Amino acid sequence: MLVKVNGSGDEVGGLRLVLKGEKKAEAVDILNKKREVHASVKDERLVMKRRDQMIRGAVSLFKKKGFHRTTTREIARAAGFSIGTLYEYIRTKEDVLYLVCDSIYDQVRDRLLGMDTSQGTLESLKLGIAYYFKIMDEMQDEVLVMYQEVKSLTKDALPYVLKKELEMVGMFESLIRNCVTNGELEIHPNHIHMLAHNIFVQGQMWGFRRWALRKECSIEQYITIQTDLLFSGIKGYQKPVGTGGER
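So for the sequence shown, my numbering puts the first residue at 690; every next one is plus one.
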């Protein structure tokens with residue numbers, strides 16, 4: 690679904706909607722609203738602990754069997770508690786999938802916040818790419834599950850979760866845009882947006898194409914190759930000598 694608000698769009702599924710007035714406000718609310726997962730237990734720390742156990746167990750199961758073939762009983766067993774206990778912290782299996790996807794995106798986003806996006810140099814862009822790719826290497830299982838199962842999220846959960854991905858793409862847009870502001874690059878805004886998406890997807894590719902890629906290269910080699918390919922693509926956008934950069 691593509692929700693267009695004020696002429697700009699956010700990718701949130703497979704349907705294109707052009708919204709005005711109250712409908713537009715409603716769409717923005719859907720994108721920004723975190724889905725509430727009901728728990729009968731009132732102790733917030735215990736809820737977080739149990740859900741963390743649940744998420745770890747579910748990631749392992751979803752990787753092996755997929756979301757639809759995994760049962761809530763199996764999730765409870767993998768988490769280390771009974772099916773009755775499981776339902777004190779969720780209502781449906783779809784709740785577990787939402788918690789898994791939400792947790793994965795939060796982990797990646799929180800770690801990406803460690804990037805320095807302010808320098809505006811090509812070297813800082815290279816370092817940011819390497820930093821992100823290493824996160825993807827460390828979270829290979831989570832990335833694989835996310836790509837396989839995000840399509841199974843409920844309609845009310847999907848827009849919010851995918852908005853988080855667009856926000857992370859936005860971090861790379863900031864890195865690239867600062868290179869433009871600093872006179873290192875000269876790129877049209879549309880190209881900035883597309884380059885940021887390319888970086889984001891190429892990092893995730895290490896997770897969902899690892900069955901083939903790991904036979905050919907290590908993560909360090911993968912980072913070098915992909916960075917070389919990316920920078921060969923943006924070489925023509927580097928400013929000439931004397932205007933803030935080199936060709």
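Here a beta-carbon is modelled for each residue, glycine too, at the ideal position from N, C-alpha and C. The model shown is predicted, which means the values in this text are computed figures rather than measured ones.
- Cβ atoms of residue 863 and residue 756 stay farther apart than 8 Å, at about 33 Å.
- Ranked by Cα distance from residue 781, the options 882, 737, 765 and 809 are led by 765.
- Look at residue 802 here: in three-state DSSP terms it is coil, with no helix or strand label.
- Under a 10 Å Cβ-count criterion, residue 750 is classified as buried, with 16 or more other Cβ atoms of the shown protein chains found around its own Cβ.
- Exclusion of the five residues before and after residue 914 leaves 906 as the residues of its chain whose Cβ lies within less than 8 Å of its Cβ.
- With a beta-carbon spacing of about 6 Å, residue 724 and residue 849 fall inside the 8 Å limit used to define contacts.
- Distance from the CA of residue 838 to the CA of residue 758, rounded to the nearest whole angstrom, comes to 12 Å.
- With respect to the 9 Å criterion, residue 869 and residue 748 are not classified as neighbours on the basis of their beta carbons.
- CA-CA distance, residue 742 to residue 736, rounds to 10 Å.
- Taking residue 923 as reference, the option from 831, 881, 784 and 830 with the minimal CA-CA separation is 881.
- Less than 9 Å separates the beta-carbon of residue 899 from that of residue 829.
- The shortest C-alpha to C-alpha distance from residue 865 to any of 847, 771, 885 and 826 is the one to 885.
- If you check the CB distance, residue 861 and residue 897 do not come in under 9 Å.
- Excluding sequence positions up to five before and after residue 858, its CB lies within less than 7 Å of the CB of 885, 886 and 889, all in the same chain and listed in chain order.
- Taking the C-beta atoms as reference points, residue 836 is found no nearer than 9 Å to residue 891.
- Judged by beta-carbon spacing, residue 809 lies within the 9 Å limit of residue 873, meaning their Cβ atoms are closer than that value.
- DSSP, reduced to helix, strand and coil, places residue 723 outside both helices and strands of the structure shown, so it counts as coil.
- One thing to note: residue 727 has its Cβ within 9 Å of the Cβ of residue 779.
- When DSSP states are grouped into helix, strand and coil, residue 776 belongs to the coil group.
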